[in-house]
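**Q** Sharing a structure below in structure tokens format, with a few things to ask.
Protein chains: 2
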Amino acid sequence: MRRSKLFVKTRRENPTDEEARNAQLLIRAGYIHKEMAGVYSYFTLGKIVIDKISQIIREEMDAIGGNEVLMSTLQNKELWQASGRWDDKQVDNWFKSRLISGVEVGLGFTHEEPLTSGLRNFVASYQDLPIYAYQIQTKFRNELRAKSGLLRGREFLMKDLYSYSRSEQEHKIFYEKSAEAYLKIYRRLGFDDGIIFRTFASGGVFSKFSDEFQLVTPIGEDTIYIDREKNIAINKEVCTDEVLDSLGLNKTALEEVRAVEIGNIFTLGSKYSDAMGLFFTDKEGQKQSIVMGCYGIGVSRLMGLIAEHFADDLGLVWPKSVSPYSVYLISLGNAADVIEAADKIYKRLTDAGVGVIYDDRGGASAGEKLADADLMGIPMRLVISQKTLQENVYEIKDRTSKEVKLVSESDLIATLEK
Amino acid sequence: MRRSKLFVKTRRENPTDEEARNAQLLIRAGYIHKEMAGVYSYFTLGKIVIDKISQIIREEMDAIGGNEVLMSTLQNKELWQASGRWDDKQVDNWFKSRLISGVEVGLGFTHEEPLTSGLRNFVASYQDLPIYAYQIQTKFRNELRAKSGLLRGREFLMKDLYSYSRSEQEHKIFYEKSAEAYLKIYRRLGFDDGIIFRTFASGGVFSKFSDEFQLVTPIGEDTIYIDREKNIAINKEVCTDEVLDSLGLNKTALEEVRAVEIGNIFTLGSKYSDAMGLFFTDKEGQKQSIVMGCYGIGVSRLMGLIAEHFADDLGLVWPKSVSPYSVYLISLGNAADVIEAADKIYKRLTDAGVGVIYDDRGGASAGEKLADADLMGIPMRLVISQKTLQENVYEIKDRTSKEVKLVSESDLIATLEK
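Chains S and Y, in that order, give the protein sequences. Sequential numbering of the first sequence, starting at 1, is according to the working numbering. Sequential numbering of the second sequence, starting at 1, is according to the working numbering.
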């Protein structure tokens, strides 16, 4: 992508109406636009990052047998009344609207009811189960406060998977598989081992605990206690002597840290399947309840967290796996031979499948281009100048390194294709 | 994908609460689920079709310089007041809701206002234009009646591109480019030349005409007059003697046909850019208005139209380019050698990059499997049976042909990889 064809511009100053660092950085770098508190639009580079994060999650959900679906936003009141979740006293963050006819509709904040109800057409016997359905879809939650940028949105992108199993045992096997898939996702997103902890948190009606996945970071809003040796953690909310005992954790081995929740998985039991009338007939011809689980990851939240967690004083620092492009190519000055050489290497790298954003703007200064490469957080910077041409080398710099390297064309291609 | 891992089932009977043929077929084949009138969810195969249509559109929008974005659903009242489109007397199909604080918000039915407003951060001089931004995003329109299945949704997926040009002339060049891109999209979606017509329709404040793209089909809800020789058409709504004269069309050469609108492009002038305060400074330092255009294609509408247009008495008939899979593989009977051979060819085709849905259900009869292959509309059916094994052949049938063919393994691979 040529910068001259990309409509976004960066800003040096933080937006005045934004207090969250993740959103400040992403707005300054041109990735997102604030529509109102907790509601953001994604411009070109932001859309690519959201898509890359989504694709990693999609691949890992498919790998554990997920079927991708896309549920509607507009929700049918009757379904939610049947489960007891329509009333604003039960769920205080609904967005609701009305059809022209006056009929009330809701905007989905989760999808147990409609999906479970929809499955009634497909589930009769034990042979029709288990089912693992997931979507990457926009959710709406009417948050009273939404001051954390992408970390807590009123409108946000989420991956939600729902599992339907024939027994507690079948459920537990998938639940553990999904926990493993989550840890794979975080590794692929650039988070090292040792900073993500599977964390015991409060459960619901059907399970003593749920599992959160917590990222240890000073910007965290949660407090958790981690046992580094056992590689598990417990949320402060549920950390009593009794619970520690039941988990076999020793208080003295625990370290208190700040953390951010970056995913959670829940055992739901048969609350929603029973309420929606979704049952199955077992091998003996007996009607049985279905054991459900739900498995959430906030996609836009992850984008905000990755932005905030890896950033430095110069701007964003994207992990390679989610960066919109691999290389930020800069032509320094407007000399014809420099432009020609930059055009040539842009074509060569693009043809080789390397994602390049090429700062070809004739009106931008060297300082502006170098600052944008940093602010936009592209992993590798490649500079073509009169000097590099004379020396027949390419100047490259890793976003996280202070040093520039001069390499030959063959070394450049080899480095970038890695 | 193995049928045993796919949670959907087909139905023989039409759903009782659905009168549109496109939705009836798609529901029977397990592609979509009706949440309420005009609101559908997409199950696994439906999600793949929606994604394939979207990807074809995306590629053609990128090819004419489009920058993909993703705007929010929730809309800020002030922006729409500034353009005069907030009031329900001006726009009668808003869905509106409220934040907890009581502040009213809308659900986007189009995105001129927020996108144009968002661009204020990026546009100052003539060097920052033109801009072509598009999205493939869920729209909400509070339709009084929604009885046409995917053809007229209250919630639907749409591609909307907005162009921002420095002059009428620059605008017209892009407008024509986008018309060509639309025709390419329809061809790639499987519509032959000669059934899609670029059609003069009523314009807005800034332009006498807009252009619709109309698919000639007996199921059409519009009446248009086509000039087959000139390969253009005119919507009945604007077809007066005066207009025909101005277009150089001869009444006697026109044929009246039924048609469905499958895309439209509009010249907007500077109504929205002026209202949002988006201007640019020209080379002479003068402040100038920006000429806008908007370019829409209903993605879910197209899915419904393709479903309805190509279907026959046996069910759906997907064009290859949008079919969820290329091959419907059937193992007939439960003999071990048949299953082994079917497993083997499934792996072989999948490894070769051929999309296969493999009906491996032990409990389904031959008749059920063959009927599902037809109803689901997969382009090619491949049958493995005791008989084909004995003769060392594969039985293949094109969805649109009555004849089966027996081919060798090497011919099979060659045919399917084409």
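The C-beta atom is built at its ideal place from N, Cα and C for all residues, glycine as well.
Using three-state DSSP, classify Asp-192 (chain S) as helix, strand or coil.
**A** The answer is coil: DSSP assigns Asp-192 (chain S) none of H, G, I, E or B.
**Q** Going by DSSP, what residue range makes up the alpha helix (DSSP H) through His-309 (chain S)?
**A** Its alpha helix (DSSP H) spans residues 299–310.
**Q** Residues of the stretch 212–223 of chain Y with a CB closer than 7 Å to any CB of chain S: list them in chain order, please.
**A** Listed by position, the residues of the stretch 212–223 of chain Y near chain S (Cβ gap below 7 Å) amount to none.
**Q** Cβ atoms of Lys-34 (chain S) and Glu-18 (chain S): under 8 Å apart, would you say?
**A** The answer is yes: Cβ separation under 8 Å.
**Q** I'd like the list of long-range same chain contacts for Arg-141 (chain S), defined as Cβ closer than 7 Å, with 5 residues on each side in sequence excluded.
**A** Correct list, in chain order: Asn-93, Phe-109 and Arg-154.
**Q** Roughly how many whole angstroms lie between the Cα atoms of Leu-6 (chain S) and Ala-179 (chain S)?
**A** Using only the alpha carbons, I get a separation of about 39 Å.
**Q** Give me whichever residues DSSP pairs with Gly-296 (chain S) in a beta bridge.
**A** BP columns for Gly-296 (chain S) point to S:Asp-160 and S:Asn-264.
**Q** Could you tell me which of S:Ile-48, S:Ala-23 and S:Ala-29 sits nearest to Gly-38 (chain S), measuring between CA atoms?
**A** Nearest option by C-alpha distance: S:Ala-23.
**Q** Does the contact criterion of 3 or more C-beta pairs under 8 Å hold for the stretch 184–199 of chain S versus the stretch 271–278 of chain S?
**A** Counting Cβ pairs under 8 Å, fewer than three are found: no touch.
**Q** Name the residues in the stretch 90–101 of chain S whose C-beta lies less than 7 Å from a C-beta of chain Y; which are they?
**A** Going along the stretch 90–101 of chain S in chain order, one finds Phe-95, Lys-96, Ser-97, Leu-99 and Ile-100 with a Cβ nearer than 7 Å to chain Y.
**Q** So, is Ile-173 (chain Y) buried or exposed, given that buried needs 16 or more other C-beta atoms within 10 angstroms?
**A** Ile-173 (chain Y) is exposed by the Cβ-count criterion.
**Q** Please classify Leu-412 (chain Y): is it buried, with 16 or more other beta-carbons within 10 angstroms of its beta-carbon, or exposed?
**A** Buried: at least 16 other Cβ atoms inside 10 Å.
**Q** Beta-carbon within less than 7 Å of Ile-339 (chain Y)'s beta-carbon, same chain only, minus the 5 sequence neighbours each way: which residues are those?
**A** Ser-331, listed in sequence order.
**Q** Looking at the strands, I want to know which residues DSSP matches up with Arg-425 (chain Y).
**A** Residue 425 (chain Y) cannot be examined here, being either before or after the span of chain Y that is shown, 1 to 418.
**Q** Alpha carbons only, please: which of S:Ala-307, S:Ser-289, S:Tyr-328 and S:Ala-414 is nearest the one belonging to Tyr-126 (chain S)?
**A** Cα-wise, what sits closest to Tyr-126 (chain S) is S:Ser-289.
**Q** Closer than 8 Å, CB to CB, is His-309 (chain S) near chain B or not?
**A** No chain B appears in this structure, whose protein chains are S and Y.
**Q** Rounding to the nearest angstrom, what Cα-Cα distance links Thr-217 (chain Y) and Ile-306 (chain Y) in this structure?
**A** When rounded, the distance between both Cα atoms is 11 Å.
**Q** If the cut is a Cβ gap below 9 Å, which residues of chain Y does Ala-133 (chain S) touch?
**A** The contacting residues are Phe-7, Phe-43 and Thr-44.
**Q** Under 8 Å between C-beta atoms, does Lys-139 (chain Y) make it to chain S?
**A** Not closer than 8 Å to any Cβ of chain S, the Cβ of Lys-139 (chain Y) fails to qualify, so no.
**Q** Distance, Cα to Cα, Lys-369 (chain Y) vs Leu-316 (chain Y)?
**A** Using only the alpha carbons, I get a separation of about 15 Å.
**Q** Checking 8 Å against the spacing of the C-beta atoms, do Asn-264 (chain S) and Asp-227 (chain S) come in under that value?
**A** Taking 8 Å as the Cβ cut-off, Asn-264 (chain S) and Asp-227 (chain S) do not qualify as a contacting pair.
**Q** How many whole angstroms separate the CB atoms of Leu-129 (chain S) and Val-123 (chain S), which I take to be in contact at a CB cut-off of 8 Å?
**A** Yes, Leu-129 (chain S) and Val-123 (chain S) are in contact; Cβ-Cβ is about 7 Å, under 8 Å.
**Q** Could one say the Cβ of Phe-266 (chain Y) lies closer than 8 Å to chain S's Cβ atoms, at least one of them?
**A** Not closer than 8 Å to any Cβ of chain S, the Cβ of Phe-266 (chain Y) fails to qualify, so no.
**Q** Cβ of Tyr-164 (chain Y) versus every heavy atom of the ligand MN: is any distance shorter than 7 Å?
**A** With respect to small molecules bound, the structure shown includes none, and the ligand MN cannot be examined in it.
**Q** With 8 Å as the threshold, decide whether the Cβ of Gly-65 (chain S) is near any Cβ in chain Y.
**A** Output row for Gly-65 (chain S): interface = yes.
**Q** Taking DSSP as the reference, what is the three-state secondary structure of Gln-390 (chain Y)?
**A** The answer is helix: DSSP assigns Gln-390 (chain Y) an H, G or I state.
**Q** Ignoring anything shorter than 4 residues or poking outside the stretch 114–167 of chain Y, list the alpha helix (DSSP H) runs there in chain order.
**A** Whole alpha helix (DSSP H) segments, 4+ residues: zero.
**Q** Taking Cβ-Cβ distances shorter than 9 Å, what residues in chain Y pair up with Pro-114 (chain S)?
**A** What Pro-114 (chain S) touches in chain Y: His-33, Glu-35 and Ser-41.
**Q** Starting from the beta carbon of Ile-378 (chain S), find every residue of chain Y whose beta carbon is closer than 7 Å, and list them in chain order.
**A** Going along chain Y, no residue has its Cβ under 7 Å from Ile-378 (chain S), so there is no contact; the nearest lies around 17 Å.
**Q** Whose Cβ in chain Y lies nearer than 7 Å to the Cβ of Ser-72 (chain S)?
**A** Those within 7 Å of Ser-72 (chain S) in chain Y are Glu-35, Val-39, Tyr-40, Ser-41 and Glu-155.
**Q** Taking three-plus beta-carbon pairs below 8 Å as touching, is the stretch 81–90 of chain Y in contact with the stretch 233–246 of chain Y?
**A** Taking 8 Å as the limit for Cβ pairs, the verdict is that the stretch 233–246 of chain Y does not touch the stretch 81–90 of chain Y.
**Q** Where does Ile-232 (chain S) fall in DSSP's three states?
**A** Residue state, collapsed to three classes: strand.
**Q** For a contact defined as C-beta to C-beta under 7 Å, what are the partners of Val-69 (chain Y) on chain S?
**A** What Val-69 (chain Y) touches in chain S: Ser-41, Tyr-42, Phe-43, Thr-44 and Lys-47.
**Q** Given a cut-off of 8 Å on the beta-carbon distance, is the pair Tyr-325 (chain Y) and Gly-355 (chain Y) in contact?
**A** The answer is yes: Cβ separation under 8 Å.
**Q** Would you give the residue range spanned by the beta strand (DSSP E) that Leu-215 (chain Y) belongs to?
**A** Residues 209–216.
**Q** What would DSSP say about Leu-375 (chain Y), mapped onto helix, strand or coil?
**A** Leu-375 (chain Y): helix per DSSP, three-state reduction.
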